[in-house]
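Encoded as structure tokens, the structure appears first; notes follow it.
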Amino acid sequence: MSIQVGFIGLGAIGEPMAATLRRAGFPLTICGHRNRAPLERLQAQGANVVANPAAVAAASAIVVTCLPNTPQVEAVCLGPEGIVHGAAPGTIVIDCSTIAPTESQRIAEALRQHNIEMLDAPISGGPERAATGELAIMVGGHANTFEYARPVLEALGARVTHVGPHGMGEVVKLTNNTILGSLMIAIAEAFTLAVKAGADAATARDVIMNSAGANFLLDRWIKDRMLVDNYDPGFATSLMKKDLGAALESASNLGVPMMMTALAYQLYALSEGEGYAREDYCAVSKIYQDAANITIATGQTRHSTGDTETAS
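If you want the working numbering, it's the 1-based position in the sequence shown plus 375.
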């Protein structure tokens, strides 16, 4: 591929995304990260390492960002060492972060003042699909900018959809995560009940996957996490809480009631307060498991002595 691509934000999803672009043949430029290990792994795959976002932009026609929240996106794009200080006119920023739509629109307008175009292109699918280039990507921005950036987007995602003008990618992503956040809580409640009553969680999952309750989280997410007592982050609890907060902020501005989402936000806040902020968001189930004195993965009841017995 001849398009020079930069990548900023080498976290749990950003690193496999950057590696996917490199495997697809894009010349790749990256910059410093608080954790040097992803930087060094990508450098070993042929990525060019530079000092800061401005230097990434200077070497790139398209810069992909994947960052935790609005302050980081703003700093990378507009800060003292930001993209605006290195990008040539016509550079495109593809922001794959999930932030409030109004904030994305504001940053896009600020970049446009420097003749830099931006697409808000939040992603869904987790690290596994990031590593295989099978993410779902919902893109907001000008149609002609989207078409130019399409080769990069399609290298990252199996389902890439232009959903409208600036901010609409974020709107659709927040819609997606509002559903996922509440669905994970429903799964946590239901499986805690099932196991406390004596059912085997894996068997229940197999049955439900052939019933009307089948869904993506049961199919592709919890079987390798909650059902085996593994809470390594695919998507951190703190990030789910952040996304639900952004959805609630947007809802408040638009006068849309979101009672279920408000409760879900509080449960993820509780999960974060219990020390699960950096664990996968299915760790919200631990609130239910602890309250019911049960472990979903093993079907065992915990006692204060440390002894266990099979639930019945």
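Quick reminder that beta carbons are idealized off the backbone N, C-alpha and C, glycines included. Everything numeric in this text was worked out from a predicted model, so none of it was measured.
Outcome for residue i when other beta-carbon atoms lying within 10 angstroms are tallied against a minimum of 16
{"i": "residue 645", "result": "exposed"}
{"i": "residue 568", "result": "exposed"}
{"i": "residue 631", "result": "exposed"}
{"i": "residue 488", "result": "exposed"}
{"i": "residue 582", "result": "exposed"}
{"i": "residue 393", "result": "buried"}
{"i": "residue 461", "result": "buried"}
{"i": "residue 534", "result": "exposed"}
{"i": "residue 660", "result": "buried"}
{"i": "residue 591", "result": "exposed"}
{"i": "residue 531", "result": "buried"}
{"i": "residue 522", "result": "exposed"}
{"i": "residue 587", "result": "exposed"}
Boundaries of the alpha helix (DSSP H) in which residue i is found, first to last residue
{"i": "residue 521", "result": "518 to 531"}
{"i": "residue 415", "result": "411 to 419"}
{"i": "residue 431", "result": "428 to 433"}
{"i": "residue 440", "result": "Note, residue 440: premise wrong, no alpha helix (DSSP H); beta strand (DSSP E) at 437 to 440."}
{"i": "residue 623", "result": "612 to 629"}
{"i": "residue 660", "result": "660 to 667"}
{"i": "residue 461", "result": "No alpha helix (DSSP H) contains residue 461, which DSSP labels as neither H nor E."}
{"i": "residue 600", "result": "Careful: residue 600 lies outside any alpha helix (DSSP H) and carries neither H nor E."}
{"i": "residue 397", "result": "389 to 398"}
Residue interval of the beta strand (DSSP E) (run including residue i)
{"i": "residue 566", "result": "From DSSP, residue 566 is part of no beta strand (DSSP E) but of the alpha helix (DSSP H) over 543 to 571."}
{"i": "residue 453", "result": "Looking at the DSSP string, residue 453 is not in any beta strand (DSSP E); the run it does join, the alpha helix (DSSP H), is 445 to 453."}
{"i": "residue 584", "result": "Here residue 584 belongs to no beta strand (DSSP E), and DSSP marks it neither H nor E."}
{"i": "residue 403", "result": "403 to 406"}
{"i": "residue 423", "result": "423 to 425"}
{"i": "residue 492", "result": "492 to 495"}
{"i": "residue 511", "result": "510 to 515"}
{"i": "residue 381", "result": "380 to 383"}
{"i": "residue 469", "result": "467 to 470"}
Beta-carbon spacing of residue i, residue j below 7 Å
{"i": "residue 436", "j": "residue 549", "result": "no"}
{"i": "residue 438", "j": "residue 459", "result": "no"}
{"i": "residue 406", "j": "residue 391", "result": "no"}
{"i": "residue 497", "j": "residue 473", "result": "yes"}
{"i": "residue 652", "j": "residue 612", "result": "yes"}
{"i": "residue 606", "j": "residue 575", "result": "no"}
{"i": "residue 499", "j": "residue 423", "result": "no"}
{"i": "residue 417", "j": "residue 408", "result": "no"}
{"i": "residue 466", "j": "residue 431", "result": "no"}
{"i": "residue 401", "j": "residue 425", "result": "no"}
{"i": "residue 457", "j": "residue 570", "result": "no"}
{"i": "residue 608", "j": "residue 434", "result": "no"}
{"i": "residue 538", "j": "residue 527", "result": "no"}
Cut-off 7 Å between Cβ atoms - residues of its own chain near residue i, not counting five sequence neighbours on either side
{"i": "residue 577", "result": "602"}
{"i": "residue 448", "result": "440, 442, 470, 472, 474, 482"}
{"i": "residue 420", "result": "394, 397"}
{"i": "residue 524", "result": "437, 467, 469, 494"}
{"i": "residue 610", "result": "501, 655, 656"}
Residues near residue i by beta carbon distance below 8 Å, same chain, minus five either side
{"i": "residue 636", "result": "553, 556, 557, 619, 622, 623, 626"}
{"i": "residue 593", "result": "562, 580, 583, 584"}
{"i": "residue 453", "result": "459, 482, 485, 486"}
{"i": "residue 589", "result": "583"}
Close beta carbons around residue i, own chain, < 6 Å, minus the five adjacent residues each side
{"i": "residue 389", "result": "441"}
{"i": "residue 464", "result": "490"}
{"i": "residue 384", "result": "440, 441, 442"}
{"i": "residue 492", "result": "467, 520"}
Cβ of residue i within 7 Å of any chain B Cβ
{"i": "residue 650", "result": "This model lacks chain B altogether, as it is built from one protein chain only."}
Heavy atom of the ligand NAD within 6 Å of residue i beta-carbon
{"i": "residue 555", "result": "Questions concerning the ligand NAD fall outside what the structure shown contains, since it holds no ligand whatsoever."}
Check your understanding: Does the region 506 to 526 come within contact of the region 614 to 624, defined as at least 3 CB pairs closer than 8 Å?
Key -> No contact exists between the region 506 to 526 and the region 614 to 624.
Review point. So, do the region 512 to 524 and the region 557 to 574 have three or more beta carbon pairs nearer to each other than 8 Å?
Key: Short answer: they don't touch.
Check your understanding: Would the region 528 to 543 and the region 476 to 494 be scored as touching if the rule is three or more Cβ pairs under 8 Å?
Key -> The answer is yes - the region 476 to 494 touches the region 528 to 543, with three or more Cβ pairs under 8 Å.
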